[in-house]
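The numbering of the sequence shown is the working numbering, which starts it at 61 and goes up by one.
Every residue gets a Cβ at the ideal spot worked out from N, C-alpha and C, and that includes glycine.
Report on one structure; see the data block that follows.
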Amino acid sequence: MAVSAANGETPEDNITVPEDNVTIPEDNVTIPEDNITIPEDNVTIPEDNVTIPEDNVTIPEDNITIPEDNITIPEDNITIPEDNVTITEDNVTIPEDNVTIPEINVTVPEVNITVPETNETIPVSIIPPTIGTSNEISIINETTNTTARVDVGPNTGGIAVNPNGTNVYVTDLVNNTVSVINTINNTVEATVDVGQYPTGVAVSPNGTKVYVTNSNSNTVSVINTINNTVEATVNVGQYPAGIAVNPNGTNVYVTNFINNTVSVINTINNTVTATVNVGQYPTGVEVSPDGTKVYVTNANSNTVSVINTINNTVTATVNVGQYPAGIAVSKDGTYIYVTNVISNTVSVINTINNTVIATINVGQYPAGIACVGTYVYVTNVISNTVTIINTINNTVIATVTAGTTPVPTGKCVCPLPVLKPRPVANFSSQVLLMVQFKDLSKNATKWYWDFGDGTNSTKQNPLHIYKTAGNYTVKLTATNKYGTSSKTAIVSVCTGK
61 MAVSAANGET PEDNITVPED NVTIPEDNVT IPEDNITIPE DNVTIPEDNV TIPEDNVTIP
121 EDNITIPEDN ITIPEDNITI PEDNVTITED NVTIPEDNVT IPEINVTVPE VNITVPETNE
181 TIPVSIIPPT IGTSNEISII NETTNTTARV DVGPNTGGIA VNPNGTNVYV TDLVNNTVSV
241 INTINNTVEA TVDVGQYPTG VAVSPNGTKV YVTNSNSNTV SVINTINNTV EATVNVGQYP
301 AGIAVNPNGT NVYVTNFINN TVSVINTINN TVTATVNVGQ YPTGVEVSPD GTKVYVTNAN
361 SNTVSVINTI NNTVTATVNV GQYPAGIAVS KDGTYIYVTN VISNTVSVIN TINNTVIATI
421 NVGQYPAGIA CVGTYVYVTN VISNTVTIIN TINNTVIATV TAGTTPVPTG KCVCPLPVLK
481 PRPVANFSSQ VLLMVQFKDL SKNATKWYWD FGDGTNSTKQ NPLHIYKTAG NYTVKLTATN
541 KYGTSSKTAI VSVCTGK
């Protein structure tokens, strides 16, 4: 039905109502004074609130032709789709009505996992020299050519025997003590409290002092052997382990496992007079018989550092086997014997030119080592054996079941500090071609998704993982009690490579 304009004339041409939304101004709109014929058909008033836009729209004063067709006001709000539809990695939107949707590219990026480095205290464990034995040691006196056996008990750390062989000093890793054992009657004469986790122990040449490395306290305890009391505590580097005293008893040398240094302690005033940089994870330490050289095994560098004791500098570095730990010097000082824990060998070093002259195969995980006369004794942790080497020709003459640990008088058999196994970082990755589908159907009570790869789902908003990249025709069928409606779209899934 036609509607006359205010001047009573009907325009010949139809006026096209613009497709875009017309914003109704907030201000009052003047309704023409002349009568406007309202269409006879029912006009449905929208139930929802209509938001009046803020901008002003000027209503033309000229004739307005109302279209003849019925104007139906929709009950619900109509969402006009945007022209450009961007599909994110997560959601894939299926439009409600018949709207042509371009192919949807879903890019699933490859995931890079970065494991951050963290500052952590290097965990260290101790392998006692008596491991694999019955916690019994054999004290070998080279002067009298006699042997005595002593039970050192559990929790053993380092072991040292005084020069005359009458007392054995054993560190207790658990109770933080040093036991003084009388070798004549095999009894504990005294128990001395020291620092945390005592590992290495050494006796002065005159037998009046005992020096103990306390690994978790970063200190060295000085014990007076006359009254078996601690008379001094010396601060050293981090995680002190190996320890040795020079022949005249004036200096003590301590390996600091974490700091990669050796602390030099003056025994007169019990102060650190020098700190020498060596290789990584210094472990064992020995002093030459003349006191002019100090030899240090660097477990993580696979080397031995040679220190000149006059100026406390490293004068040579000798390559040996993997994870060198235990070390012993021959009586005349011409040879050094080094246990290589991972290589299961012993390196023989000529001290004149600092070169390896022999590599001897021994048991598994050789740790402790002692040089007595013309023989070298090596304790093999995993094999639970002792390898006996003839130093004249550097050959193995016997391998026996470990029953006791040989310890020469006046020497220290220190435990072996090792790194506890760190976790080995490893992982595998798989690019998951995941697509999150979101239902936008109206009035649906059931849903059926056909993902185009032979699989389906009845969930309303399913998350689907495609096995391979490619283009897939996805179909959604929405159902309620009045019928069904379907929508199809192409989804392109790629790995992002």
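Own chain residues within Cβ distance below 6 Å of residue i, not counting five before or after
| i | result |
| --- | --- |
| residue 27 | Because residue 27 is not part of the residues shown, which for the chain are 61 to 557, the question remains open. |
| residue 264 | 305 and 309 |
| residue 503 | 540 |
| residue 545 | 538 |
For residue i, three-class secondary structure by DSSP
| i | result |
| --- | --- |
| residue 350 | coil |
| residue 522 | coil |
| residue 506 | strand |
| residue 542 | coil |
| residue 227 | strand |
| residue 529 | coil |
| residue 424 | coil |
| residue 248 | strand |
| residue 537 | strand |
| residue 436 | strand |
| residue 232 | strand |
| residue 26 | Look at the range of the chain in this structure, 61 to 557, and you will see that residue 26 is not part of it. |
| residue 450 | strand |
| residue 558 | Outside the modelled stretch of the chain, which goes from 61 to 557, sits residue 558, for which no answer is possible. |
| residue 218 | strand |
| residue 407 | strand |
| residue 239 | strand |
| residue 341 | coil |
| residue 493 | strand |
| residue 460 | strand |
| residue 441 | coil |
| residue 333 | strand |
| residue 358 | strand |
| residue 429 | strand |
| residue 179 | Any reading at residue 179 must be qualified, since the residue scores a pLDDT of 37, below 50, and its modelled position is unreliable; the value itself is stated next. Of the three classes helix, strand and coil, the one that applies to residue 179 here is coil, per DSSP. |
| residue 327 | coil |
| residue 320 | coil |
| residue 517 | strand |
| residue 310 | coil |
| residue 167 | With a pLDDT of only 40 at residue 167, under 50, the local geometry of the prediction cannot be trusted, and the value read off the model is given with reservation. Of the three classes helix, strand and coil, the one that applies to residue 167 here is strand, per DSSP. |
Beta-carbon proximity of residue i to residue j, cut-off 8 Å
| i | j | result |
| --- | --- | --- |
| residue 307 | residue 347 | yes |
| residue 343 | residue 369 | no |
| residue 383 | residue 436 | no |
| residue 399 | residue 438 | yes |
| residue 454 | residue 408 | yes |
| residue 259 | residue 237 | no |
| residue 227 | residue 242 | yes |
| residue 387 | residue 429 | yes |
| residue 441 | residue 416 | no |
| residue 505 | residue 539 | yes |
| residue 298 | residue 283 | no |
| residue 254 | residue 281 | yes |
| residue 271 | residue 312 | yes |
| residue 315 | residue 300 | yes |
Chain-order list of residues whose beta-carbon lies under 7 Å from that of residue i (same chain, five-residue window excluded)
| i | result |
| --- | --- |
| residue 338 | 320, 321, 322, 356, 358, 365 and 374 |
| residue 361 | 339 and 340 |
| residue 405 | 381, 419, 420, 421 and 422 |
| residue 385 | 343, 344, 357, 359, 399, 401, 427 and 476 |
| residue 295 | 278 and 279 |
| residue 256 | 236, 274, 276 and 277 |
| residue 522 | 497 and 509 |
| residue 372 | 324, 334 and 336 |
| residue 458 | 448 |
Any non-hydrogen atom of the ligand FMN closer than 7 Å to residue i Cβ
| i | result |
| --- | --- |
| residue 513 | The ligand FMN is absent from the structure shown, which contains no ligand whatsoever. |
Contact set for residue i: own chain, Cβ-Cβ below 8 Å, skip 5 residues either direction
| i | result |
| --- | --- |
| residue 460 | 445, 446 and 448 |
| residue 412 | 394 |
| residue 515 | 524 |
| residue 452 | 434 |
| residue 529 | 493, 553, 554 and 555 |
| residue 288 | 240, 249, 250 and 252 |
| residue 261 | 217, 218, 219, 220, 229, 230, 231, 238, 270, 271, 272, 273, 303, 472 and 474 |
| residue 534 | 152, 154, 497, 509, 510, 511, 512, 548, 549, 550 and 551 |
Chain D within 8 Å of residue i, Cβ atoms only
| i | result |
| --- | --- |
| residue 263 | Of the protein chains in the structure, only one exists, and it is not chain D. |
Can you give, in chain order, each stretch of the beta strand (DSSP E) that sits fully within the stretch 360-405 and has at least 3 residues? Runs of the beta strand (DSSP E) spanning 3 or more residues and lying entirely within the stretch 360-405 occur at 363-368, 373-379, 384-389 and 395-400, in chain order.
Only counting runs of 4 or more residues, tell me where the alpha helix (DSSP H) segments fall wholly within the stretch 252-308, in order along the chain. DSSP runs (the alpha helix (DSSP H)) wholly in the stretch 252-308: none.
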